[in-house]
Structure formats: structure tokens, C-alpha cells
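To start, the structure itself, in C-alpha cells.
Residue numbers (our numbering): 134 to 458.
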């Protein structure tokens, strides 16, 4: 009976990816612990999107649309879709995801969107749970908080919302369904690392300044004053038990190793004041990346310089192509 249940859990998580992807197939879970994690991110693909969309603004190079669609747990996901002008559809597309405290129209998201649209990409940015139009009074937007089941659930919600972004993009005839990429920053990069482990339909990933190994960070929290200021944790036995349960589901190190052999670029800030070197190293090790091929380092703090947009755009052009004129 136990074996049958585990087999069923594996099927729930794995088979949807096989049915949807023509470019890449995720391997089955390697053990029962992995199968259990993946069940958190499984969802009913027959759930209608119920899309609402209207023109927001336009200029000579692009048109932007305000939209929303249904996700799991009766959540509406608000987003911004940008479509290029002067290019022939269908377009390659990139999903853009902000960091903690950001939102779908935060400045760096708009900046990278404009750069990609000029190269012929469509872009879709959303508000992750508790951010932007989904903010709740008195609720933190730091859904990577490791001592809160509510934040765990917000994390899971956001990953499934991103899977619904793929559903939405693939529903559009003006989008190349096999040419969808992902670009996430900080917390958004960590969400992307998890997404890559459960979603086969994303063709390539660029993860800017992510981290992992959250349990080790908590155990050594006094070494990281910036994180400690954001995570007022009490290391009691009860709290540590909750943290262990939460990070077992949310920590990117359990998922990021399933992105390769798809194209993957991880950006590390060598003077990052928020993501400690140990967290970067843990993420890179779990990803199984080659430093020369998959890692780009910047001599900056957590906020990478705007000039990085050129290398990010080059990455997506290389692996997704650009919109035809």
C-alpha cells in the first residue's frame, strides 16, 4: 500500500510535465523525499485561466497590457504583458520575476522588459504572492522566511502561479510555445530555481543573485547580520522543527539541479551584502553547473549594474532566438 501511494505521488508530479513538454522531459523523482516535495507544486491543468486583459499603454516599439488570470486556491494573478511592434508573431517570450519587496512594474523589471521587447521578445511579469497588487496589510512580502508555514504556502503558491504563466503564454497563438524563458532576480531567482525543478516547459533560465542552503544559514544566523535583521528567528527546538519542515519544501537546492541540461545562467554578485557567499556556493553546487559555462560574476553588491542587461539579453537571444522583423 505504501509503495502504491508513493508511485501515485510521483505520477501526479511528473506526468503533467511529460504531457506538456516537447523540448525537455524532467526525470522522475529520485526518492520518496523528492516525490513528496514535488506534490506541493502539482496542480489541476484543466483549471480555466479566465483571462482578463486590456491595453495599458503603447509606444513605437511595444504595447503593454494589464491582465489577470486564475491560479490555484482561488487566487487571481495580476500581470503585465509586453508585446513587440515591428516584429512578426509568434514571438519568443520571457517570464520576468521581481525580488522581495518588488512587484510586476518595479524599475528593474521594466528595464529588462524594454530591452527584451526591442529585441523582439514578449515579456510577462507578475506579482508573486504578497507583492504588488497582492500585498496584504501586516503580511511580509519575504516569502522565503523559513519559520512560517504561511510563507511556505506563499512560496508554493507563487511557483504554481508561474506554472500558470506558462499555461497562459502557451494559450496565445502569438507566442512560440517552445521558446519561453525565465528571468528572476533575488527571491525571484530562487523561485525560478524551484520552478525549474518541477516545470519542463521553460526552455532556459537566467537566475540573478539567488541563494540556497537555508537551514545552514539559520543555524549560523549570527554570522549574517543583514539576514538576521530580516529574519528575527528564535532558535528554540520548536522553531527549528518548523524551519526544517519549511525549508524542506522551499529551499532551491532541492530543485535547481533539475534545470540542466537546459541552458542556465546564474549571476553571482561577488560583494553581495544580502546573499552570503555560503548561500551562493550552496546554490551553485546543487545546480551542478560549470563555472565557465553557467556562472557570470559581477564585482557588485546585490543590485547588479544596469549594464548587465546586455549580457542577459544576449543569453535569451542565443537560446530562444529573437522576434523576426
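A virtual CB, placed ideally from N, CA and C, is assigned to each residue, including glycine.
Alpha carbon of residue i to alpha carbon of residue j, nearest angstrom
i: residue 385; j: residue 345; result: 6 angstroms
i: residue 166; j: residue 377; result: 13 angstroms
i: residue 235; j: residue 342; result: 15 angstroms
i: residue 437; j: residue 246; result: 16 angstroms
i: residue 456; j: residue 251; result: 9 angstroms
i: residue 255; j: residue 340; result: 19 angstroms
i: residue 409; j: residue 334; result: 31 angstroms
i: residue 439; j: residue 287; result: 29 angstroms
i: residue 414; j: residue 193; result: 43 angstroms
i: residue 470; j: residue 405; result: Nothing about residue 470 can be read from this structure; the chain reaches only from 134 to 458.
i: residue 154; j: residue 248; result: Any reading at residue 154 needs caution, since the residue's pLDDT is 37, under 50, leaving its predicted position unreliable; the model's value is listed next. Each residue's Cα considered, the two are about 28 angstroms apart.
i: residue 461; j: residue 285; result: Residue 461 lies beyond the stretch modelled for the chain, which goes from 134 to 458, so this question has no answer here.
i: residue 300; j: residue 228; result: 12 angstroms
i: residue 403; j: residue 183; result: 43 angstroms
i: residue 352; j: residue 257; result: 37 angstroms
i: residue 317; j: residue 458; result: 27 angstroms
i: residue 330; j: residue 198; result: 29 angstroms
i: residue 314; j: residue 389; result: 15 angstroms
i: residue 218; j: residue 453; result: 18 angstroms
i: residue 162; j: residue 173; result: 13 angstroms
i: residue 365; j: residue 371; result: 15 angstroms
i: residue 212; j: residue 160; result: 31 angstroms
i: residue 263; j: residue 374; result: 25 angstroms
i: residue 447; j: residue 428; result: 14 angstroms
i: residue 170; j: residue 426; result: 29 angstroms
i: residue 363; j: residue 319; result: 15 angstroms
i: residue 441; j: residue 280; result: 34 angstroms
i: residue 158; j: residue 306; result: 23 angstroms
i: residue 432; j: residue 356; result: 22 angstroms
i: residue 272; j: residue 188; result: 31 angstroms
Neighbour-count burial assignment, residue i, 16 or more Cβ in a 10 Å radius
i: residue 325; result: buried
i: residue 244; result: exposed
i: residue 209; result: exposed
i: residue 309; result: buried
i: residue 430; result: exposed
i: residue 332; result: buried
i: residue 186; result: exposed
i: residue 164; result: exposed
i: residue 240; result: exposed
i: residue 237; result: buried
i: residue 368; result: exposed
i: residue 443; result: exposed
i: residue 190; result: exposed
i: residue 168; result: buried
i: residue 445; result: buried
i: residue 274; result: buried
i: residue 242; result: buried
i: residue 150; result: Low local confidence applies: a pLDDT of 36 at residue 150 is under 50, so the model's placement there is unreliable, with the coordinate-based value given in what follows. Per the 10 Å Cβ criterion, buried.
i: residue 214; result: buried
Residue closest to residue i, alpha-carbon to alpha-carbon, out of the options
i: residue 253; options: 289, 216 and 205; result: 216
i: residue 196; options: 446, 400, 301 and 220; result: 220
i: residue 282; options: 179, 416 and 382; result: 382
i: residue 226; options: 312, 171, 213 and 379; result: 312
i: residue 360; options: 323, 412 and 302; result: 412
i: residue 88; options: 416, 260 and 184; result: This structure leaves residue 88 out entirely; the chain is present only between 134 and 458.
i: residue 354; options: 427, 222 and 278; result: 278
i: residue 304; options: 320, 181 and 423; result: 181
i: residue 391; options: 229, 232 and 328; result: 328
i: residue 434; options: 421, 407, 451 and 422; result: 407
i: residue 156; options: 356, 337 and 237; result: 337
i: residue 449; options: 397, 364 and 420; result: 397
i: residue 394; options: 280, 370 and 423; result: 423
i: residue 200; options: 321, 263, 259 and 454; result: 259
i: residue 289; options: 242, 316 and 261; result: 261
i: residue 419; options: 218, 347, 274 and 356; result: 347
i: residue 302; options: 169, 223 and 441; result: 223
i: residue 323; options: 358, 158 and 230; result: 230
i: residue 321; options: 441, 427, 421 and 232; result: 232
i: residue 379; options: 276, 425, 447 and 432; result: 276
i: residue 387; options: 357, 356, 421 and 358; result: 421
CB contact below 7 angstroms: residue i versus chain B
i: residue 225; result: Although the question refers to chain B, the structure presented lacks it and comprises just one protein chain.
Item to check | Runs of beta strand (DSSP E) lying entirely within the stretch 178-230, each at least 3 residues, in chain order | outcome: 185-191, 195-203, 209-217 and 224-230
Item to check | Segment contact flag, the stretch 267-285 with the stretch 176-184, C-beta cutoff 8 angstroms, min 3 pairs | outcome: no
Item to check | Start-end ranges of the beta strand (DSSP E) lying completely within the stretch 364-430, minimum 3 residues | outcome: 397-402
Checklist entry - With a cut-off of 8 angstroms, do at least 3 Cβ pairs link the stretch 288-299 to the stretch 196-206? => result yes
Checklist entry - What are the start and end residues of each continuous alpha helix (DSSP H) run of 4 or more residues lying completely inside the stretch 313-339, in chain order? => result 320-331
Next on the checklist: Extract the residue ranges of the alpha helix (DSSP H) inside the stretch 235-285, only unbroken runs of 4 or more that lie entirely within it.
Outcome noted: 240-251, all fully within the stretch 235-285.
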